[in-house]
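*Asks:* So the sequence shown is numbered by numbering that gives the first Met the number 0: it starts at 0 and just counts up by one.
Positions of the beta carbon are idealized from the N, C-alpha and C atoms, including for glycine.
A quick note: this is a predicted structure, and the numbers were derived from the prediction, not measured.
Okay, here's the structure, questions in a sec.
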Amino acid sequence: MESTQPAVQVNSVTRRFGSLTAVNELSFTAQEGEIFGLLGPNGAGKTTAINLITGLLKRHDGAIRILGFDPQTQAREVRRRIGLVPQDTNVYTDLSGTDNLLHHAALYCADLSGIEKHIETMLRLMNLWERHSDPVRTYSGGMKRRLALARALLHDPLVILFDEPTLGVDVQGKHVLWEHIKKQQAQGKTFIVSTNNMEEADTLCDRLVIIDHGKAIAMDTPERLKAALARDVIMLRTTPVIEDPEDLFRGLGVQAATYSQADQLRLEVTNAESIVGELVARATTSHSLDSVRITRPTLDDVFLHHTGRALRE
Numbered sequence: 000m001e002s003t004q005p006a007v008q009v010n011s012v013t014r015r016f017g018s019l020t021a022v023n024e025l026s027f028t029a030q031e032g033e034i035f036g037l038l039g040p041n042g043a044g045k046t047t048a049i050n051l052i053t054g055l056l057k058r059h060d061g062a063i064r065i066l067g068f069d070p071q072t073q074a075r076e077v078r079r080r081i082g083l084v085p086q087d088t089n090v091y092t093d094l095s096g097t098d099n100l101l102h103h104a105a106l107y108c109a110d111l112s113g114i115e116k117h118i119e120t121m122l123r124l125m126n127l128w129e130r131h132s133d134p135v136r137t138y139s140g141g142m143k144r145r146l147a148l149a150r151a152l153l154h155d156p157l158v159i160l161f162d163e164p165t166l167g168v169d170v171q172g173k174h175v176l177w178e179h180i181k182k183q184q185a186q187g188k189t190f191i192v193s194t195n196n197m198e199e200a201d202t203l204c205d206r207l208v209i210i211d212h213g214k215a216i217a218m219d220t221p222e223r224l225k226a227a228l229a230r231d232v233i234m235l236r237t238t239p240v241i242e243d244p245e246d247l248f249r250g251l252g253v254q255a256a257t258y259s260q261a262d263q264l265r266l267e268v269t270n271a272e273s274i275v276g277e278l279v280a281r282a283t284t285s286h287s288l289d290s291v292r293i294t295r296p297t298l299d300d301v302f303l304h305h306t307g308r309a310l311r312e
């Protein structure tokens, strides 16, 4: 995607809350027309980064530019060019879908001529027109998220920031929402998507940055991040289950052995094809082999590799 300037530039940005450094010298660049992901555990600093980009929070150090404008000193120019879908779907549940958008238009749209027709267009785009006059409290979680996206797009922003797009949304609604985001990208919109959903990041993002403890620890396309692990995964089912895989497969270069399911052993290795024969031979000396499968690393593997397996508050 060629562009004269990046849509979003974040350079060595830091934000502190007392003794807590929520964002720590964070840097990344999103190009126009790109879906760029902020991926990280809960509490990693993703929402703080979103709020810094929009200007809702002030940074302590570093620089941010949205299409060349500084959200801290040129807030009006930035707000004309961005749309925000926050983590909490803060729509008015007692109002209808149409009235929600009319309220937003009165606050954010410079020109209200023809706004009713524009709202109808947006609600049809989000597959909500059939329910446009119903109170939003009767909407599903996915419908509320689509309404929030319609609201963010109402003033035709060039950059949309989406915090946890499918939070509280069922499987069907999740895929519908992803389709809407992709359609907007095809029209030249830039998305900054904050998520800790690996499937979402893998499906949506052209590139992403993994953030942990406020710092960028890895950044690239999902495919390159997975390839950079330079390992394969062998999924093994036996009867009975192998109790001590580290001892049984010692010397075969197994880097990690875990049970992804109660009866499915997951082995991380450098070159699966070169050792799978010996691995099966050892396994079948005292176990019955039910299945063996070689796969490639997933974004979950990348995420755990960089952020660890410890639970986060």
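#1: Hey, could you find the ends of the beta strand (DSSP E) Q183 is sitting in?
#2: By the three-class DSSP mapping on this structure, what secondary structure does D205 have?
#3: Would N99 pass as a contact of Y91 if the rule is Cβ separation under 7 Å?
#4: Can you list, in chain order, the residues of its chain whose CB lies under 8 Å from that of L157, leaving out five sequence neighbours each side?
#5: In chain order, what residues of the same chain lie with their CB nearer than 7 Å to the CB of E1, ignoring the 5 residues before and after it?
#6: Taking its Cβ as the centre, do 16 or more other Cβ atoms sit within 10 Å of E267, making it buried, or is it exposed?
#7: May I have the straight-line CA-CA distance separating G54 from A200, to the nearest angstrom?
#8: Per DSSP, what kind of secondary structure is G276 in: helix, strand or coil?
#9: If you count every other CB in all the chains shown that lies within 10 Å of the CB of E129, and 16 or more means buried, which is it?
#10: From G213, R281, D289, pick the residue whose C-alpha is nearest to that of T238; which is it?
#11: Measuring alpha carbon to alpha carbon, tell me which residue in R292, G39, G61 is nearest Q8.
#12: Tell me whether D299 sits in a helix, a strand or coil according to DSSP, three-state version.
#13: Short check: CB of A74 to CB of T47, under 7 Å?
#14: If you draw a straight line from the alpha carbon of D325 to that of A105, how long is it in whole angstroms?
#15: So is I241 buried or exposed if we call it buried at 16+ other beta carbons inside 10 Å?
#16: Give the straight-line distance between the Cα atoms of E245 and Q254, rounded to the nearest whole angstrom.
#17: Quick one: complete alpha helix (DSSP H) runs, 4+ long, within the segment 68-147?
#18: Can you check DSSP and say which residues form a bridge with I210?
#19: For the 8 Å Cβ check, are there 3 or more pairs between the segment 167-176 and the segment 258-265?
#20: Suppose contacts are defined by Cβ-Cβ distances below 7 Å. Is L160 in contact with I191 by that definition?
#21: Quick test of your reading: T88 and R144, contact by CB under 8 Å. State the CB separation rounded to the nearest angstrom.
#22: Taking C-beta to C-beta, are L203 and V301 nearer than 7 Å?
*Replies:* Checking against the coordinates, here is how it stands:
#1: Working through the sequence shown from its first residue, we reach residue 183 at position 184. That residue, Q183, is in no beta strand (DSSP E); its alpha helix (DSSP H) goes 170-185.
#2: Taking the sequence shown and counting its residues from 1, one reaches residue 205 at position 206. Three-state result, D205: coil.
#3: As a working note, residue 99 is residue 100 in the sequence shown. As a working note, residue 91 is residue 92 in the sequence shown. For N99 and Y91, yes; Cβs fall inside 7 Å.
#4: Residue mapping note: residue 157 aligns to position 158 of the sequence shown, counting from 1. Around L157: A6, E31, L66, R80, I81, G187, K188, T189.
#5: Translated into positions along the sequence shown, residue 1 becomes position 2. With a pLDDT of 46 at E1, under the threshold of 50, the predicted position of this residue should be treated as unreliable, and no value is reported.
#6: Start at 1 with the first residue of the sequence shown, and residue 267 comes out as number 268. By the neighbour-count rule (16 or more Cβ atoms within 10 Å), E267 is buried.
#7: Along the sequence shown, one-based indexing puts residue 54 at 55. Along the sequence shown, one-based indexing puts residue 200 at 201. Their Cα atoms are separated by approximately 24 Å.
#8: Mapped onto the sequence shown, residue 276 falls at position 277. DSSP places G276 in helix when its eight states are reduced to three.
#9: Counted from its first residue, the sequence shown places residue 129 at position 130. E129 is exposed by the Cβ-count criterion.
#10: Position 239 of the sequence shown holds residue 238. Nearest C-alpha to T238: D289.
#11: Along the sequence shown, one-based indexing puts residue 8 at 9. Nearest option by C-alpha distance: G61.
#12: Taking the first residue of the sequence shown as 1, we reach residue 299 at position 300. Helix at D299.
#13: Taking the first residue of the sequence shown as position 1, residue 74 is located at position 75. Taking the first residue of the sequence shown as position 1, residue 47 is located at position 48. No.
#14: An answer regarding residue 325 cannot be provided, because it is not within the stretch 0 to 312 covered by the chain.
#15: Sequence index remark: in the sequence shown, residue 241 carries index 242 (1-based). That one is buried.
#16: Position 246 of the sequence shown, counted from the start, is the residue given in the question as residue 245. Position 255 of the sequence shown, counted from the start, is the residue given in the question as residue 254. Cα to Cα, the separation comes out at about 9 Å.
#17: 74-80, 96-107, 114-124
#18: Here residue 210 is taken as the residue at index 211 of the sequence shown, counted from 1. Answer is A215, bridged to I210.
#19: no
#20: Position 161 of the sequence shown, counted from the start, is the residue given in the question as residue 160. Position 192 of the sequence shown, counted from the start, is the residue given in the question as residue 191. Closer than 7 Å, so yes.
#21: Indexing the sequence shown from 1 puts residue 88 at position 89. Indexing the sequence shown from 1 puts residue 144 at position 145. Between R144 and T88 the Cβ distance is about 6 Å, and since that is below 8 Å, they are a contact.
#22: Here residue 203 is taken as the residue at index 204 of the sequence shown, counted from 1. Here residue 301 is taken as the residue at index 302 of the sequence shown, counted from 1. The answer is no: Cβ separation not under 7 Å.
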